[in-house]
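Asks:
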Amino acid sequence: MTSASLPTLPLARSAIDRAAHRRTEDLLTALLAQPATRVLAVAAGRAAVSGDPVGLVLRAPEPADAGRLAVYLGTEPDGTEHVAVLVDDVPDGVGLREVGAVLGARDAGLLTQAVALLAWHAVHTHCPRCGGPTRVVQAGYSRHCDADGSDHYPRTDPAVIMTVVDTDDRLLLGHQASWPPGRFSTLAGFVEPGEPLEAAVRREVLEESGIVVGRVDYRGSQPWPFPASIMLGFHAYATSRDIEVDGVEIESARWFSREDLRAAMSSGEVLLPPSVSIARALIEDWFGGPLTDSGVPWA
Ligand SMILES: [Zn+2]
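Counting in my numbering, the sequence shown runs from 80 upward without gaps.
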């Protein structure tokens, strides 16, 4: 067994320099005054796409952008500057889950970054210390409270997600109570404050399935801004076999051999998460190659 990385994950791709050193107070004003700046308009996590292959619709700045929440995304190697703005509506807009896996690296990175930042701003308009209003500073990477002088930074919530195998290399997959029948995926959960990642893996697996985990190997990560997670992927080795689900979050769980899983997928009995997810990548990493869906959509 190795702890080599997963292949590059759809939402972990990027082709721009975030250029953190350029996040000055007047950067956005300057960029929104330049016709060459590319603006990505986002509404509720959705953006417009067009073309074949599909790409984000990036436009020149418009006068109304000056009054919109804006964040600096970064610069391309050719000098093209990118800014995201929050708008009320994007007709026919699509979300990262739908297009994240089919966008090119630049656009997947731009949309992931924009969605994550704008989602944070949307729910952090006021100071957690004094309740006063905060304002956007550092070109969108911080908010400042003028009443008490405190600065507030975008948060990212770490979550662990893991393939768990038994001593026969069978894979543990769970079915959440809230999912339609047949939907199975890897176990996952949020890291708690003060908790090492490996301990979070062992705790979540034990809580959700009753399985005891020994060795834990890190495999890779990707941001999952729905609204603020980063998924940290692991491959874990069970030291027990008897499943006892919590019955609350996880309704059932099963061990799958590779042949079990292939057969259950082709018959439509089991539906795996889509290719944009790290869960799918972890499962295919264990399987040893791509798995073919039965054609029934996950969503
Ligand atoms: Zn305050």
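All C-beta atoms in this analysis are idealised placements derived from N, C-alpha and C, irrespective of residue type, glycine included.
#1: Do Leu351 and Phe263 count as a contact pair if the criterion is CB distance below 8 Å?
#2: So what does DSSP say about Thr81, is it helix, strand or coil?
#3: List the residues that DSSP assigns as beta-bridge partners of Gln301.
#4: Using DSSP with H/G/I as helix, E/B as strand and the rest coil, what is Asp96?
#5: Is Asp230 near ligand 1, in the sense that its beta carbon is under 7 Å from a heavy atom of that ligand?
#6: To the nearest angstrom, report how far apart Val178 and Ile240 are at their CA atoms.
#7: Whole angstroms are fine: how far does the CA of Arg341 sit from the CA of Leu370?
#8: Exposed or buried, which one is Ser288 when buried takes at least 16 other CB atoms within 10 Å?
#9: Which residues in the same chain as Ala267 place their Cβ atom closer than 8 Å to its Cβ, once the five residues preceding and following it in sequence are excluded?
#10: To which residues does DSSP link Ile240 through a beta bridge?
#11: What's the gap between the Cα of Ala78 and the Cα of Gly219?
#12: Kindly list the residues whose CB is nearer than 8 Å to the CB of Arg147, restricted to its own chain and excluding five residues on each side of it in sequence; keep chain order.
#13: Can you check whether the CB of Ala127 is closer than 8 Å to the CB of Asp171?
#14: How is the alpha helix (DSSP H) around Arg185 delimited, first residue to last?
#15: Buried or exposed for Arg208, please, with buried defined as at least 16 other CB atoms from any protein chain shown within 10 angstroms of its CB.
#16: Since Gly153 and Arg92 are thought to touch, with beta carbons under 8 Å apart, how far apart are those beta carbons, to the nearest angstrom?
#17: So does the segment 129 to 144 actually touch the segment 209 to 217, counting three or more Cβ pairs closer than 8 Å?
#18: Which word fits Tyr151, buried or exposed, when buried means at least 16 other C-beta atoms lie within 10 angstroms of its C-beta?
#19: Measure the alpha-carbon distance for Gly216 versus Gly124 and round it to whole angstroms.
#20: Which class does Arg147 belong to by DSSP, given the choice of helix, strand or coil?
#21: Can the beta-carbon of Ile290 be found less than 8 Å from the beta-carbon of Ala317?
#22: Within 7 Å: the Cβ of Gly268 and any heavy atom of ligand 1?
#23: Compute every distance between the C-beta of Arg102 and the non-hydrogen atoms of ligand 1, then say whether any falls below 7 Å.
#24: Under 8 Å, do Leu44 and Leu175 count as touching if we go by C-beta distance?
#25: Around ligand 1, what residues have a beta-carbon under 5 Å from a heavy atom of it, in chain order?
#26: Ala201 and Ala307 - do their beta-carbons sit closer together than 8 Å?
Replies: Reading from the atomic positions:
#1: Within the sequence shown, numbered from 1, the residue matching residue 263 stands at position 184. Within the sequence shown, numbered from 1, the residue matching residue 351 stands at position 272. Contact: yes.
#2: Position 2 of the sequence shown, counting from 1, holds the residue named residue 81. With a pLDDT of only 46 at Thr81, under the threshold of 50, the placement of this residue in the model should not be trusted, and no figure is reported.
#3: One-based indexing of the sequence shown puts residue 301 at position 222. DSSP output for Gln301 lists Met310 as bridge partner(s).
#4: Taking the sequence shown and counting its residues from 1, the one referred to as residue 96 is at position 17. Residue state, collapsed to three classes: strand.
#5: Here the question's residue 230 lines up with position 151 in the sequence shown. Asp230 Cβ: outside cutoff for every heavy atom of ligand 1.
#6: By one-based count along the sequence shown, residue 178 stands at place 99. By one-based count along the sequence shown, residue 240 stands at place 161. Distance between the alpha carbons of Val178 and Ile240: 22 Å.
#7: Within the sequence shown, the letter at position 291 stands for residue 370. Within the sequence shown, the letter at position 262 stands for residue 341. Taking the straight line joining both Cα atoms gives about 7 Å.
#8: As a working note, residue 288 is residue 209 in the sequence shown. Under this definition Ser288 is a buried residue.
#9: Translated into the one-based positions of the sequence shown, residue 267 becomes position 188. Answer for Ala267: Ala238, Val239, Ile240, Met241, Glu283, Met310, Ala358, listed in chain order.
#10: As a working note, residue 240 is residue 161 in the sequence shown. Answer is Ala267, Gly312, bridged to Ile240.
#11: The first residue shown for the chain is 80 and the last is 378, placing residue 78 beyond what the model contains.
#12: By one-based count along the sequence shown, residue 147 stands at place 68. Excluding residues within five positions, the ones whose Cβ falls inside 8 Å are Val164, Leu165, Val166.
#13: Mapped onto the sequence shown, residue 171 falls at position 92. Mapped onto the sequence shown, residue 127 falls at position 48. In contact: Asp171 and Ala127 (Cβ atoms closer than 8 Å).
#14: For the purposes of this step, residue 185 is identified with residue 106 of the sequence shown, where counting begins at 1. Element bounds for Arg185: 184 to 201.
#15: Counting from 1 along the sequence shown, the entry for residue 208 is found at position 129. With fewer than 16 Cβ atoms within 10 Å of its Cβ, Arg208 is classed as exposed.
#16: Taking the sequence shown and counting its residues from 1, one reaches residue 153 at position 74. Taking the sequence shown and counting its residues from 1, one reaches residue 92 at position 13. Not quite, the Cβ-Cβ distance comes to about 14 Å (not below 8 Å), so this is no contact.
#17: no
#18: Taking the first residue of the sequence shown as 1, we reach residue 151 at position 72. Under this definition Tyr151 is a buried residue.
#19: Position 137 of the sequence shown, counted from the start, is the residue given in the question as residue 216. Position 45 of the sequence shown, counted from the start, is the residue given in the question as residue 124. Contrary to the premise, residue 216 reads as Val rather than Gly in this sequence. Whole-angstrom Cα-Cα distance: 21 Å.
#20: Position 68 of the sequence shown, counted from the start, is the residue given in the question as residue 147. Arg147 falls in the coil class under three-state DSSP.
#21: Here residue 290 refers to the residue found at position 211 of the sequence shown. Here residue 317 refers to the residue found at position 238 of the sequence shown. The answer is yes: Cβ separation under 8 Å.
#22: The residue you call residue 268 lines up with position 189 of the sequence shown. Not under cutoff, so the answer is no.
#23: By one-based count along the sequence shown, residue 102 stands at place 23. The answer is no for Arg102.
#24: What the structure shows of the chain is the stretch from 80 to 378, and residue 44 is not part of that stretch, so it cannot be assessed.
#25: Cys206, Arg208, Cys209, Gly211, Cys224, Ala226, Asp227
#26: Translated into the one-based positions of the sequence shown, residue 307 becomes position 228. Translated into the one-based positions of the sequence shown, residue 201 becomes position 122. Not closer than 8 Å, so no.
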